[in-house]
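Read the structure below first, then the notes.
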Amino acid sequence: MLVRVRGGRARREMKTESAVATTEDVRAEPGRRVGRRVAFAAVLVVVEALLLGLPWWTLALAPGWPTGVVAAGTVVFVAAAVAFPVLMNLGHRRANDAAARTGDTMLGVIGVLFVWCTLAQLVRLPLLATDLSGTAVSRIVAGVGLVVTIGLLAWGYVEAMRLPRVAERSVRLDRLGAGLDGLRVVLITDTHYGPIDRAGWSRRVIDVVNELDADIVCHTGDIADGSVTARLAQAAPLGDVRARLARAYVTGNHEYYGEAQAWMDHMARLGWSTLHNEHLVVERGGDRLVVAGVDDRTAGSSGTGHRADHAAALAGADPALPVLLLAHQPQQIGLAVEHGVDLQLSGHTHGGQIWPFHYLVRLDQPSVAGLSRHGDRTQLYTSRGTGFWGPPFRVFAPSEITVLTLRSGAATS
1 MLVRVRGGRA RREMKTESAV ATTEDVRAEP GRRVGRRVAF AAVLVVVEAL
51 LLGLPWWTLA LAPGWPTGVV AAGTVVFVAA AVAFPVLMNL GHRRANDAAA
101 RTGDTMLGVI GVLFVWCTLA QLVRLPLLAT DLSGTAVSRI VAGVGLVVTI
151 GLLAWGYVEA MRLPRVAERS VRLDRLGAGL DGLRVVLITD THYGPIDRAG
201 WSRRVIDVVN ELDADIVCHT GDIADGSVTA RLAQAAPLGD VRARLARAYV
251 TGNHEYYGEA QAWMDHMARL GWSTLHNEHL VVERGGDRLV VAGVDDRTAG
301 SSGTGHRADH AAALAGADPA LPVLLLAHQP QQIGLAVEHG VDLQLSGHTH
351 GGQIWPFHYL VRLDQPSVAG LSRHGDRTQL YTSRGTGFWG PPFRVFAPSE
401 ITVLTLRSGA ATS
């Protein structure tokens, strides 16, 4: 039974004065704006030169191909270097889905190609000790890099587009009452409905969710890349999610790239509890659980008037009750520990999405995937995500629909 909904303060207002003030604050002199654009362009050129330069050298130049082959390969890489920023700008700043699909795919191809052309250089070392010529060695290296790249991209595309696997995990909460032992929490996150129309995929995901016999279903943000209007058909199946006690949603950082309030309102219309620094309480068998949610940590700089506020989210909650917190980013776990949360559910990381970029994610987040403990009481479950962002590839980072069975510390095993 859902027994109450609480919040610390009024959440639904758009703060016009704040937005105007923020707009005025970020105005810069024309000279500074030009300087920033020049600096950004310079960084872009350097990054592109690195990411495309090594594959160009590995595949086109070093193997000593005939002049025509080298020239053709060079044209391909130069064309990619020119087209990529144009497509990304059109796709993600001008909301052109065709350009976004192409640009995002190029981003994935460039990333995988760079990594495996780099790692392919390791093949060069033992080959140099053989009687093979330098040209032959370079051609073997090029072949290894290209074949592995093509294979991983093909496999990664299938992994990204497939129905996510169901990941099941039991989590023991010492403060959970015996009446709630066995409570089933289903987590979906980072659906990222976007330029690739995945309405059918979305329907199949929700069909799986509805087969999982959930007491609570949670969505921890990054619903979509784009407006509610543009992604309406893909998000529509979320309205059919079934849960015995509650359906709860919090914003992710991608909501704040566009229409955060519109997505919150839309999820409310679909029947979800939008936990905008708020909580609700569920009850079963005479025992209760606080389900709280906070805005994404980027909300405060979004100009929307939103911000993550753990104190507001828990205002009025009985401090003796266990707390399940929804927070998009694992990095929000520090404040969860401070506020005595028992279990935080997060997404955001995608498990790295494309190996080995999870190492970069780990520099920013305390967890990339799975269950971890923080402090004496608080546990964190980080999902690898249900969908994917941008490049339609998942390499060694499979998507998931998560089922967490909560076990009571007071129950006998």
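So that you can map any letter, position 280 of the sequence shown is 280 in UniProt numbering, and since no number is skipped, the others follow by simple counting.
Note that the Cβ used here is the ideal one computed from N, Cα and C, for glycine as well.
Can you tell me where the alpha helix (DSSP H) with residue i in it begins and where it stops?
| i | result |
| --- | --- |
| L360 | H358 to D364 |
| G73 | T67 to H92 |
| H266 | A260 to R269 |
| D287 | Premise fails: D287 lies in the beta strand (DSSP E), D287 to G293, not in any alpha helix (DSSP H). |
| H310 | H310 to A313 |
| L127 | Q121 to L127 |
| R203 | A199 to N210 |
Tell me where the beta strand (DSSP E) around residue i begins and ends.
| i | result |
| --- | --- |
| Q344 | L343 to S346 |
| I401 | E400 to S408 |
| A248 | A246 to Y249 |
| E278 | E278 to R284 |
Closest to residue i by C-alpha separation, out of the options, would be which residue?
| i | options | result |
| --- | --- | --- |
| G285 | S408, R36, W116 and Y157 | S408 |
| P366 | Q353, R377 and H348 | H348 |
| A327 | A60, R297 and S133 | R297 |
| E338 | H374, H92 and A369 | H374 |
Look up residue i in the DSSP assignment and say whether it is helix, strand or coil.
| i | result |
| --- | --- |
| Q379 | strand |
| G370 | strand |
| T23 | Because the pLDDT at T23 is just 43, under 50, the model does not fix this residue reliably, and the point stays unresolved. |
| R101 | helix |
| E48 | helix |
| R394 | coil |
| L183 | strand |
| A320 | coil |
| I223 | coil |
| R169 | strand |
| I110 | helix |
| A28 | Because A28 carries a pLDDT of 47, less than 50, the predicted location of this residue cannot be relied on, and the following value inherits that uncertainty. Three-state DSSP puts A28 in coil, outside helix and strand. |
| I140 | helix |
| S301 | helix |
| V241 | coil |
| H350 | helix |
| V43 | helix |
Taking the CB atoms as reference points, tell me whether residue i and residue j lie closer together than 9 angstroms.
| i | j | result |
| --- | --- | --- |
| G64 | R139 | yes |
| H279 | A262 | no |
| Y249 | G221 | yes |
| H254 | W389 | yes |
| E159 | P398 | yes |
| A246 | H306 | no |
| L325 | V282 | no |
| V171 | L404 | yes |
| S372 | E400 | no |
| L51 | I110 | yes |
Please confirm if residue i has its CB atom under 9 angstroms from at least one CB of chain B.
| i | result |
| --- | --- |
| A236 | The chain inventory of the structure shown lacks chain B, comprising one protein chain alone. |
Check whether the stretch 163 to 176 touches the stretch 145 to 153, counting contact only when three or more Cβ pairs, one atom from each stretch, lie closer than 8 angstroms. No: fewer than three Cβ pairs fall under 8 angstroms.
Determine contact between the stretch 359 to 376 and the stretch 188 to 208, defined as no fewer than three beta-carbon pairs at a distance below 8 angstroms. Short answer: they don't touch.
Pairs of beta-carbons, one from the stretch 160 to 173 and one from the stretch 307 to 317, closer than 8 angstroms: are there three or more? no
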